[in-house]
Amino acid sequence: MFRSVFAKYIFAFMLIILISFTVLTAIVGSMVNSYTMSVEATSAQSAASAVSKYLESQRSLVDISDLSAYCGTYQSETSAFLDAIALANTDEITLFIVNNDGWIIAVDNTSFRALMGKQIPKQIMNDVNSGVGIEDLERIEGIIDERSLIYTSPVYLDGNYICGTVFACAHVSFDGGLSTVATRTIILASLWVMLAALIAVYFITDRVTRPLKEMSRAAKSFAEGNFNVRVPVVGNDEVTELARAFNNMAKSLAALDDMRNNFMSSVSHDMRTPMTTISGFIDCILSGAIPPEKHEHYLRVIRDEVQRLSRLVATLLDISRIQAGDRKFVMAPFDICEMARQVLISCEQRIDGKHLDVEFDIDDDNMYVNGDHDAIYQIMYNICDNAIKFSYDGGCLRISVKYAENKKVRISVFNEGEGIPLEDQPYIFERFYKSDRSRGKDKTGVGLGMFIAKTIIKAHGEDITLKSEPGKNCEFVFTLPRAQAPEKHGAQQKRTGDGNV
């Protein structure tokens, strides 16, 4: 129904204001009507009482025992007095005097011709003569045709004998000026409030929707490949938080796109270089440019390049399986210290080539953890390979395996070398990210090793962290859950006696 936020807000505000002022109008109207009835009732009561007291006061001057005769004799004076009392209270009051038989014997001048000589119904007179009286909003058939507030006041001759009754009828009109003025005032106020609400809603919705529109435009720019657009961040409310989160997302997308481009460049380079080498050497062998006695050497070079391509493809397939959730991890106890030794032995030639000082710091000769053996070996080898690659000649390479809290084993690989720049550290575990963008040290990596490592460690319910001082050192630390030694290992120790490695 409403396609814009502004229209929805306006509709909601107008509906709330309309309902509120409708209820307010009803309440105020009811209060005005109650007040009007109260005023009219007080006026009628006062008028009836004043007339009866006036007639009683005439006892000392004339005989009023026959009230009909008195009113006939002093008709003009009595009507003038009734008219004065009616005007003194309100124009809506009709005053008339009846005798004990219910005949109207005197009225105010305004109603003289209409009511004079009419008789009040016997039921009403019986109630009046018995002292019940009438004090209600009703009609008197043939006398008062519209609902009125009717009050009666008896005229006493000697304090006990009633010689007549004064009727005061207040014609209450609920269409009075006071009610109309109140309703008009409320309607006018509601219109002003609606106008103020319209202005307020415009600025409020503009404050809310402007960042949303900016985000919408930015999202369209992202779809077109432009990740440099940012949303202005103003204020400190929920919309501002959303804008800030949106900008952070844009920054991450830009970094990811940059890493993806670097990755494509790296993969293209890593695939093109060995293929060019393979193709060139094969062409030279086939053309006879390379003598037969050197074929074996160049065939070995070709084999190395093929293996390099194989590793690259295996890495890409591995990351694809991890992202798709197809890689399954087989959890079982294994000796993490023995694995660390095997990794060091496999890297021995490169360690000697850089004259590294190796430290192997462990709490026990055999420390068992629970995890996927092959996956953890891949992590250990990758971290050690990077540590050696980026170490200074003659620097320190330290592998530490220690018991930690909560039944964990803490594994760390430390090296003295170039370290990782501060600006690169937050992204080191992202896909396709390489801190050595010049490829001066790392000529084979594609920026997936640490992402795979973090993904595998997280699959084990653990975490991997980085500590690095640029230009000095670097340390990767991860934990694994501690495990009991396998039974067959214990049996083997019993057979060999001391269990030394």
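Residue numbers (the numbering used here): 625 to 1125.
Every residue, glycine too, gets a C-beta built ideally from N, C-alpha and C.
Quick caveat, the model's predicted, so the values are computed rather than measured.
A Cβ-Cβ contact shorter than 8 Å links I717 with S667. Secondary structure note for D985: it is in no alpha helix (DSSP H), and the uninterrupted beta strand (DSSP E) holding it is 981-986.
Straight through space, the alpha carbons of E770 and L719 are spaced by roughly 15 Å. Contact between M895 and L936 holds: CB atoms are separated by about 7 Å, below the 8 Å threshold. The residue among A999, C908, E680, K1032 with its C-alpha nearest the C-alpha of Y992 is K1032. Taking every protein chain shown into account, the CB of D996 has 16 or more other CB atoms within 10 angstroms, so this residue is buried. With contact defined as three or more Cβ pairs closer than 8 Å, the region 1086-1097 and the region 1028-1042 are in contact. For C1098, the enclosing beta strand (DSSP E) stretches over residues 1097-1105. Residue range 1032-1040 is occupied by the beta strand (DSSP E) that includes S1036, with no alpha helix (DSSP H) assigned at that position. DSSP lists F1100 as the bridge partner or partners of L1090. Counted as a single uninterrupted DSSP element, the beta strand (DSSP E) harbouring K1026 occupies residues 1020-1028. Listed in chain order, the non-local C-beta contacts of C787 below 8 Å within the same chain comprise I688, S689, D690, L691, N723, N724, V779, Y780, L781, local neighbours out to five positions each way being set aside. Burial state of V752 is buried, judged by a 10 Å Cβ sphere holding 16 or more other Cβ atoms. CA-to-CA, the gap between A672 and M655 works out to about 26 Å. Between the region 1018-1026 and the region 980-994 there are three or more inter-stretch CB-CB distances shorter than 8 Å, so the stretches are counted as touching.
Take the alpha-carbon of E862 and the one of I986: they are about 50 Å apart.
DSSP, reduced to helix, strand and coil, places Q931 within a helical segment of the structure shown. Here the alpha carbons of E929 and K918 stand approximately 17 Å from one another. Beta bridge pairing from DSSP links L1072 with no other residue. The beta carbon of P856 is closer than 8 Å to those of P835, E838, A867 in its chain, skipping five residues each way along the sequence. The continuous stretches of beta strand (DSSP E) do not include C695, which lies in the alpha helix (DSSP H) extending over residues 691-697.
Secondary structure note for I729: its beta strand (DSSP E) is the uninterrupted segment 728-731. For G904, the three-state secondary structure derived from DSSP is helix.
In the assembly as shown, L706 is a buried residue. Its beta-carbon has 16 or more other beta-carbons within 10 Å. A874 sits close to F851, with the two beta carbons spaced by under 8 Å. Ranking A1107, I1003, R854 by CA distance to the CA of D1087 puts I1003 first.
DSSP places C961 within a helical segment (H, G or I) once states are collapsed to three. Within the same chain, V1025, F1102 come within 6 Å of I1035 by CB-CB distance, once the 5 residues on both sides are set aside. Residue range 786-794 is occupied by the beta strand (DSSP E) that includes A792. With respect to L773, M661 sits close: the two C-beta atoms are nearer than 8 Å. Rounded to whole angstroms, C793 and I768 show a C-alpha spacing of 8 Å. Rounded to whole angstroms, the Cβ separation of I729 and I721 is 6 Å, and the two are in contact under 8 Å.
If you look at N994, you'll find it in the beta strand (DSSP E) that goes 992-995.
Going by C-alpha positions, R965 is about 21 Å away from I1080.
Taking Y775 as reference, the option from V675, G741, L739 with the minimal CA-CA separation is V675.
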